[in-house]
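Novice: Residue numbers (the working numbering): 1 to 859. Heads up, the beta-carbon is just placed ideally off N, CA and C, and yes, glycines get one too. Just so we're clear, the structure is a prediction, and the values are computed from it rather than from any experiment. If you scroll down you'll find the structure; I have some questions about it.
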Amino acid sequence: MSETAEQRYNFAIAEPRWQAAWEKAGCFAVADVPAGDRPKYYVLEMFPYPSGKIHMGHVRNYTLGDVVARYKRARGYEVLHPMGWDAFGLPAENAARQRKIDPRTWTYANIATMRTELKRIGLSFDWSREFATCDPAYYGQQQKLFLDFWAAGLVERRLSAVNWDPVDNTVLANEQVIEGRGWLSGAVVEKKNLAQWFLKITRYAPELLAGLAELPRWPERVKLMQENWIGRSEGAEVTFALARPAGGIENVTVYTTRPDTLFGMSFLAIAPEHPLAHAVAATSAEAAAFIAACAARGTSEAAIETAEKEGFFTGLTVRHPFIADAYLPVWIANFVLMEYGTGAIFGCPCADQRDLDFSRKYDLPVPVVVAPRDADKDFGVFDKAFDGDGVIINSEFLNGLSPRQAKPAAIAKLEAIGAGKSVVNWRLRDWGISRQRYWGCPIPVIHCPTCGPQPVPAADLPVILPEDVSFDRPTNPLDHHPTWKHVACPNCGAPATRETDTFDTFIDSSWYFARFTAPGAAAPTDPAAAAHWLPVDQYVGGVEHAILHLLYARFFTRAMNATGHLGLHEPFAGLFTQGMVTHESYKDGDGNWLYPDEVVKTSETTAVTAEGAAVTVGRIEKMSKSKRNTVDPGAIIDRYGADTARWFVLSDNPPERDVEWTEAGVQGAFRFVQRLARIAATIAAAPDATAPASLSAEAKKLRQLTHRTIAAVTEALETFAFNLAVARIYELAGALTGASPAAEDLRFTRFEAITTIAHLVAPMMPHLAEEIFATLRPGAGMVANRAWPEADPAWLVKDEVTIAVQVNGKLRGTITVAAGQDKAANLALARDAVAATLAGAAIAKEIYVPDRIVNFVAR
RNA sequence: GCGGGCGUGGUGGAACUGGUAGACGCGCCGGACUCAAAAUCCGGUUCUAGUGAUAGAGUGUCGGUUCGAUUCCGACCGCCCGCACCA
1 MSETAEQRYN
11 FAIAEPRWQA
21 AWEKAGCFAV
31 ADVPAGDRPK
41 YYVLEMFPYP
51 SGKIHMGHVR
61 NYTLGDVVAR
71 YKRARGYEVL
81 HPMGWDAFGL
91 PAENAARQRK
101 IDPRTWTYAN
111 IATMRTELKR
121 IGLSFDWSRE
131 FATCDPAYYG
141 QQQKLFLDFW
151 AAGLVERRLS
161 AVNWDPVDNT
171 VLANEQVIEG
181 RGWLSGAVVE
191 KKNLAQWFLK
201 ITRYAPELLA
211 GLAELPRWPE
221 RVKLMQENWI
231 GRSEGAEVTF
241 ALARPAGGIE
251 NVTVYTTRPD
261 TLFGMSFLAI
271 APEHPLAHAV
281 AATSAEAAAF
291 IAACAARGTS
301 EAAIETAEKE
311 GFFTGLTVRH
321 PFIADAYLPV
331 WIANFVLMEY
341 GTGAIFGCPC
351 ADQRDLDFSR
361 KYDLPVPVVV
371 APRDADKDFG
381 VFDKAFDGDG
391 VIINSEFLNG
401 LSPRQAKPAA
411 IAKLEAIGAG
421 KSVVNWRLRD
431 WGISRQRYWG
441 CPIPVIHCPT
451 CGPQPVPAAD
461 LPVILPEDVS
471 FDRPTNPLDH
481 HPTWKHVACP
491 NCGAPATRET
501 DTFDTFIDSS
511 WYFARFTAPG
521 AAAPTDPAAA
531 AHWLPVDQYV
541 GGVEHAILHL
551 LYARFFTRAM
561 NATGHLGLHE
571 PFAGLFTQGM
581 VTHESYKDGD
591 GNWLYPDEVV
601 KTSETTAVTA
611 EGAAVTVGRI
621 EKMSKSKRNT
631 VDPGAIIDRY
641 GADTARWFVL
651 SDNPPERDVE
661 WTEAGVQGAF
671 RFVQRLARIA
681 ATIAAAPDAT
691 APASLSAEAK
701 KLRQLTHRTI
711 AAVTEALETF
721 AFNLAVARIY
731 ELAGALTGAS
741 PAAEDLRFTR
751 FEAITTIAHL
761 VAPMMPHLAE
771 EIFATLRPGA
781 GMVANRAWPE
791 ADPAWLVKDE
801 VTIAVQVNGK
811 LRGTITVAAG
821 QDKAANLALA
831 RDAVAATLAG
841 AAIAKEIYVP
851 DRIVNFVAR
């Protein structure tokens with residue numbers, strides 16, 4: 001491409017030039033509290049973790065957001081479009097341990113690299129609002145928030161079961177436990193109870209669920225995932241009296257969603273961690289051994305899936321609440337979870353598969369209390385429980401009712417006899433936020449041996465991470481720092497120690513969108529700025545954050561509301577979740593992964609190395625470093641320019657789906673960039689054309705297409721159908737081929753068309769848009785500061801329409817008529833058009849849809 | 001197992017609230033320009049039969065509703081995603 005470079009649009013010169021021009025003009029900077037009366041629009045993309053380099057997923061994510069931001073600006077909105085860094089996290093610590101680099105140095109160096117890379121994409125960020133979550137100015141405000149939450153009763157410190165690595169002396173996340181062993185040490189991981197800080201997100205469970213209904217601009221899929229995660233379930237708590245108390249415990253309460261099946265109960269089962277189980281274990285070595293065996297069992301998904309149902313009979317029995325003199329055995333069972341419900345269930349084997357499996361294994365009775373409506377007299381349950389709708393049988397006062405009717409009836413009876421009540425249960429659990437890590441926000445708490453945990457006084461905030469730390473031991477450097485943790489108790493002044501755990505990094509990203517509205521505020525938020533800009537009007541990010549991040553941010557918004565930092569409940573009014581960027585993967589003969597630029601494609605499905613060795617072309621999957629199927633955005637921008645990269649990630653398919661990065665596709669995008677520049681040059685070279693009094697048919701057609709394209713692209717951008725916007729622009733550009741005509745009216749409509757294209761492509765290819773607009777209308781300013789084109793309704797009206805003519809629903813011809821013509825005339829025309837097919841057959845019915853279709857129903 | 005989504009040419013994908021299936025891109029084929037190539041420009045491209053205007057088939061499979069179904073309904077097949085001994 002170098003030999004003819006002088007004839008081409010030179011992106012390498014133009015792109016940095018326009019980026020500098022936008023920056024100089026301050027196009028994208030806004031005030032915390034703007035003075036004017038333009039309507040606001042807040043566009044936000046999920047901020048990146050500074051891992052080292054930008055990848056194609058970032059390019060796609062930020063390009064999608066940038067299209068919205070630039071489009072909304074052109075539509076007259078004042079747009080807040082900030083960028084920052086989610087900068088705390090484990091990779092920085094790993095770099096410190098493995099390569100002896102200070103996490104701070106590593107992180108800020110990565111930020112510097114990635115900022116430079118991002119700027120080359122030409123994104124319309126207000127860079128003046130940039131911050132990193134590892135800046136003390138940010139995390140200090142976060143500590144303030146935590147203390148306010150604490151004061152408001154939203155924080156709790158309590159014992160919690162964790163994965164404990166006995167060699168590394170640290171808590172491991174579930175993802176860090178591999179086949180029951182620590183990922184670094186290889187030691188068998190233990191379950192241990194540790195004091196951990198929790199945020200009481202469960203208090204907001206009903207609100208977080210109900211709030212989903214107020215989010216029409218969120219994907220249904222994401223709302224459903226959150227709904228399932230929050231997991232509301234309606235049922236009842238039933239209290240069973242023990243026939244004989246054990247360890248001072250007199251009764252056991254279970255949670256059930258099927259109180260209608262109480263008469264089908266054949267046992268009661270408790271979790272191994274249930275207090276009653278401990279009481280039994282105190283006097284039974286066998287029980288203690290069973291409980292220990294359960295605790296040692298892995299908690300990985302695979303282990304759970306293959307786990308056999310196992311139980312231990314305690315020797316205890318409980319009374320049935322409805323049946324006099326009925327006693328049911330109490331078992332400790334490995335499939336009952338302490339964390340859900342009350343940690344105890346009643347077993348009804350006929351209506352629950354797990355209970356049935358358990359009953360069969362231990363020879364417990366299986367009374368049948370629900371039967372299908374159409375069941376015969378001798379309906380029985382053998383190896384498959386019946387949990388469908390049906391009719392209650394063998395259940396005294398519930399007989400004949402459906403399960404749905406029987407539930408309230410059973411609950412009413414339980415309430416009447418004081419044995420139970422209606423209860424709503426949630427799957428959502430409180431958020432454990434303690435991490436035994438260095439590179440995170442210090443938890444601003446001081447532990448005093450006499451006063452207990454004390455908040456760090458406001459005057460002493462922020463609690464800053466010490467820099468002189470050592471990673472020579474595997475445990476948390478904060479813990480074995482010689483001086484940092486030793487302080488005086490703020491309450492009594494006695495020697496005390498700082499909390500050495502840091503926050504889960506999900507906290508950092510739970511409120512950054514609010515901080516962006518006033519990044520320099522002395523408090524966590526500036527209420528006026530937050531009130532002006534929030535909620536985020538359009539949030540864009542990966543679907544992998546559908547649950548945790550988005551749920552935490554929704555919770556934080558409510559907690560910040562409760563503590564006076566924000567005035568709203570839902571942070572993100574609109575959410576768009578984009579698909580991944582994928583690429584083919586390649587392996588050499590020895591099974592090593594190869595980078596795309598190490599292979600030469602020899603056909604659609606085959607490839608060889610540069611040396612000619614055989615290459616296995618693998619699956620198309622998400623770009624990942626481990627599989628080496630990555631393409632470096634920097635290299636792409638060097639070769640093709642940012643606009644080409646942007647255009648490609650937008651053009652091929654809908655943004656919510658995965659896009660496959662292909663060299664052919666990129667080249668197609670690059671050709672279009674050059675073609676547009678060429679068309680613009682041709683047209684600009686033509687002498688000025690003024691609007692002629694009348695237009696020829698050809699000129700009229702072009703003008704109609706131009707205005708239809710404005711309307712279609714506008715509609716497409718409003719609905720995230722960016723691939724359709726691209727297609728419509730291709731279509732209009734396609735109509736502009738050929739040499740510049742002599743006719744004045746055509747010169748005018750062509751000029752109008754290309755000028756329109758310059759504006760329509762601007763959100764997607766902003767540099768090229770500026771470049772061609774500058775050649776077309778020198779001195780008319782930058783596209784970035786110009787208004788979006790308006791489609792003239794007069795030019796959207798079609799004066800001629802082609803109507804399909806069908807016989808019995810089959811297309812037999814078309815007629816072209818003036819639009820909006822009357823029925824009779826068109827029917828007659830249509831009949832002529834298909835006379836041969838009708839061949840005089842009797843017409844039973846004539847269907848006429850104006851300007852669309854005529855259908856003759858012939859017998 | 002539960003919940004949700006998706007199946008359209010060689011390929012990525014279009015098709016408004018049921019109304020001419022395949023827009024637009026990629027690829028491929030043919031042509032122009034060129035000593036040649038690249039780039040560019042023009043034309044063609046769902047399949048089958050036919051030189052041909054044309055005819056038939058066609059949106060995972062089977063059935064239904066309708067004048068008319070990619071679109072609505074039912075069953076099935078396949079793929080993808082989320083959750084999961086959740087009581």
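Could you have a look at Trp-331 and say whether DSSP puts it in helix, strand or coil?
Specialist: Locating residue 331 in the first sequence gives position 331, where the first residue counts as 1. Note: Trp-331 maps to strand in three-state DSSP.
Novice: Between which residues of its own chain and Ala-669 is the CB-CB distance below 7 Å, once the five residues before and five after are set aside?
Specialist: Residue numbering aside, residue 669 sits at position 669 when the first sequence is read from its first letter. Result list for Ala-669: Thr-644, Trp-647, Phe-648, Ser-651, in chain order.
Novice: Measuring only from the beta carbon, is Gly-315 closer than 8 Å to any heavy atom that is part of the ligand SAM?
Specialist: No copy of the ligand SAM occurs in the structure displayed, which carries no ligand at all.
Novice: If you reduce the DSSP assignment to three classes, tell me which class Ser-124 lands in.
Specialist: Within the first sequence, residue 124 is the residue found at index 124, counting from 1. Note: Ser-124 maps to coil in three-state DSSP.
Novice: Go ahead and pull the three-state DSSP assignment for Thr-475.
Specialist: Walking along the first sequence from the start, residue 475 turns up at place 475. In the structure shown, Thr-475 sits in coil (DSSP, three-state: anything other than H, G, I, E or B).
Novice: Provide the residue span of the alpha helix (DSSP H) that contains Phe-11, from first to last.
Specialist: The residue labelled residue 11 in the question sits at position 11 within the first sequence. Start and end: 11–25.
Novice: Can you check DSSP and say which residues form a bridge with Ala-804?
Specialist: One-based indexing of the first sequence puts residue 804 at position 804. Bridge partners of Ala-804: Thr-814, Ile-853.
Novice: Would Ala-613 be called buried (16 or more neighbouring beta carbons within 10 Å of its own) or exposed?
Specialist: As a position in the first sequence, residue 613 is number 613, starting the count at 1. It is exposed - the Cβ of Ala-613 has fewer than 16 other Cβ atoms within 10 Å.
Novice: How do the segment 773–780 and the segment 670–685 stand: do at least 3 beta-carbon pairs fall below 8 Å, yes or no?
Specialist: Yes: at least three Cβ pairs fall under 8 Å.
Novice: Gln-578 by DSSP, collapsed to three states: which one?
Specialist: Here residue 578 is taken as the residue at index 578 of the first sequence, counted from 1. Gln-578 falls in the strand class under three-state DSSP.
Novice: Taking just the CA atoms, how far does Glu-339 sit from Asp-357?
Specialist: Stepping through the first sequence from its first residue, residue 357 is reached at position 357. Stepping through the first sequence from its first residue, residue 339 is reached at position 339. Cα to Cα, Asp-357 sits roughly 22 Å from Glu-339.
Novice: In three-state DSSP terms, what is Glu-301?
Specialist: As a first step, residue 301 is located in the first sequence; it is residue number 301 there, counting from the start. Its pLDDT being 38, under 50, Glu-301 is placed unreliably in this model, and the value from its coordinates should be taken loosely. In this structure, Glu-301 counts as helix in the three-state DSSP scheme.
Novice: For the segment 441–457 and the segment 143–158, state whether three or more C-beta atom pairs, one from each stretch, are separated by less than 8 Å.
Specialist: Yes, the segment 441–457 is in contact with the segment 143–158.
Novice: Between Met-56 and Ala-697, what straight-line distance do the alpha-carbon atoms span, to the nearest angstrom?
Specialist: If you number the first sequence from 1, residue 56 lands on position 56. If you number the first sequence from 1, residue 697 lands on position 697. Their backbone Cα atoms lie some 45 Å apart in a straight line.
Novice: With distances taken from CA atoms, which of Val-797, Asp-504, Ile-710, Ser-694 is nearest Thr-755?
Specialist: As a working mapping, residue 755 is identified with position 755 in the first sequence. Looking at the Cα atoms, Ile-710 is the closest of the given residues.
Novice: Tell me whether Arg-639 sits in a helix, a strand or coil according to DSSP, three-state version.
Specialist: Within the first sequence, the letter at position 639 stands for residue 639. Correct three-state label for Arg-639: helix.
Novice: Quick one, are the C-beta atoms of Ser-509 and Thr-133 less than 9 Å apart?
Specialist: Here residue 509 corresponds to residue number 509 of the first sequence, with the count starting at 1. Here residue 133 corresponds to residue number 133 of the first sequence, with the count starting at 1. Taking 9 Å as the Cβ cut-off, Ser-509 and Thr-133 qualify as a contacting pair.
Novice: If we ignore side chains and look at the alpha-carbon of each, how far apart do Leu-548 and Ile-507 end up?
Specialist: As a first step, residue 548 is located in the first sequence; it is residue number 548 there, counting from the start. As a first step, residue 507 is located in the first sequence; it is residue number 507 there, counting from the start. Computed Cα separation, rounded: 11 Å.
Novice: Assuming Gln-866 is part of the alpha helix (DSSP H), what are its boundary residues?
Specialist: Since the first residue shown for the chain is 1 and the last is 859, residue 866 is missing from the structure and cannot be characterised.
Novice: Check Thr-283 in the structure and name its three-state DSSP category.
Specialist: The residue labelled residue 283 in the question sits at position 283 within the first sequence. Residue state, collapsed to three classes: helix.
Novice: Where does Tyr-49 fall in DSSP's three states?
Specialist: Sequence index remark: in the first sequence, residue 49 carries index 49 (1-based). Coil.
Novice: How many Å lie between Gly-65 and Arg-75 at the Cα?
Specialist: If you number the first sequence from 1, residue 65 lands on position 65. If you number the first sequence from 1, residue 75 lands on position 75. Those two C-alpha atoms are separated by around 15 Å.
Novice: Any idea what DSSP makes of Trp-661, helix, strand or coil?
Specialist: Taking the first sequence and counting its residues from 1, one reaches residue 661 at position 661. Of the three classes helix, strand and coil, the one that applies to Trp-661 here is coil, per DSSP.
Novice: Note down, in chain order, each residue of its chain lying with its Cβ closer than 8 Å to the Cβ of Lys-309, except the 5 sequence neighbours on either side.
Specialist: Residue numbering aside, residue 309 sits at position 309 when the first sequence is read from its first letter. Here the set comprises Ala-333, Asn-334, Phe-335, Arg-354, Asp-357, Phe-358, Lys-361.
Novice: If distances are taken between C-alpha atoms only, which option among Ser-395, Pro-39, Ala-522 comes closest to Ala-459?
Specialist: Residue 459 sits at position 459 when you count from the first residue of the first sequence. When only C-alpha atoms are compared, the closest one is Ala-522.
Novice: Roughly how many whole angstroms lie between the Cα atoms of Leu-465 and Glu-731?
Specialist: In the first sequence, counting from the first residue as 1, residue 465 sits at position 465. In the first sequence, counting from the first residue as 1, residue 731 sits at position 731. For Leu-465 and Glu-731, the distance between alpha carbons rounds to 57 Å.
Novice: Start and end of the alpha helix (DSSP H) containing Ser-359?
Specialist: The residue given as residue 359 occupies position 359 in the first sequence. Unbroken alpha helix (DSSP H) run through Ser-359: 353–361.
Novice: Go ahead and label Cys-884 buried or exposed: buried means 16 or more other beta carbons lie within 10 angstroms of its beta carbon, across all protein chains shown.
Specialist: Look at the range of the chain in this structure, 1 to 859, and you will see that residue 884 is not part of it.
Novice: What span of residues does the alpha helix (DSSP H) with Trp-229 cover, start to end?
Specialist: Here residue 229 refers to the residue found at position 229 of the first sequence. Where Trp-229 is concerned, the enclosing alpha helix (DSSP H) stretches over 220–230.
Novice: Tell me the rounded alpha-carbon separation between Ser-2 and Leu-568.
Specialist: Stepping through the first sequence from its first residue, residue 2 is reached at position 2. Stepping through the first sequence from its first residue, residue 568 is reached at position 568. Because the pLDDT at Ser-2 is just 36, under 50, the model does not fix this residue reliably, and the value given afterwards should be weighed accordingly. When rounded, the distance between both Cα atoms is 56 Å.
Novice: Could you check whether Ala-269 and Ala-344 sit closer than 9 Å to each other, using their CB atoms as the reference points?
Specialist: As a first step, residue 344 must be located in the first sequence, where it is residue number 344. As a first step, residue 269 must be located in the first sequence, where it is residue number 269. Yes; because the gap between Cβ atoms is below 9 Å, this pair is in contact.
Novice: For the alpha helix (DSSP H) holding Ile-754, just list the boundary residues, first then last.
Specialist: On the first sequence, position 754 is the one that residue 754 refers to. Segment 744–761, the alpha helix (DSSP H) holding Ile-754.
Novice: Measuring alpha carbon to alpha carbon, tell me which of Arg-728, Phe-471, Val-366 ends up nearest Lys-865.
Specialist: What is shown of the chain runs 1 to 859, which leaves residue 865 out entirely.
Novice: Below 9 Å between beta carbons: does that hold for Thr-662 and Lys-622?
Specialist: For the purposes of this step, residue 662 is taken as residue 662 along the first sequence, with counting starting at 1. For the purposes of this step, residue 622 is taken as residue 622 along the first sequence, with counting starting at 1. No, the Cβ-Cβ distance between Thr-662 and Lys-622 is not below 9 Å.
Novice: In this structure, how does DSSP classify Asn-251 when only helix, strand and coil are distinguished?
Specialist: Mapped onto the first sequence, residue 251 falls at position 251. Strand.
Novice: Pick helix, strand or coil for Lys-407, following the three-state DSSP scheme.
Specialist: Stepping through the first sequence from its first residue, residue 407 is reached at position 407. Three-state DSSP puts Lys-407 in a helix.
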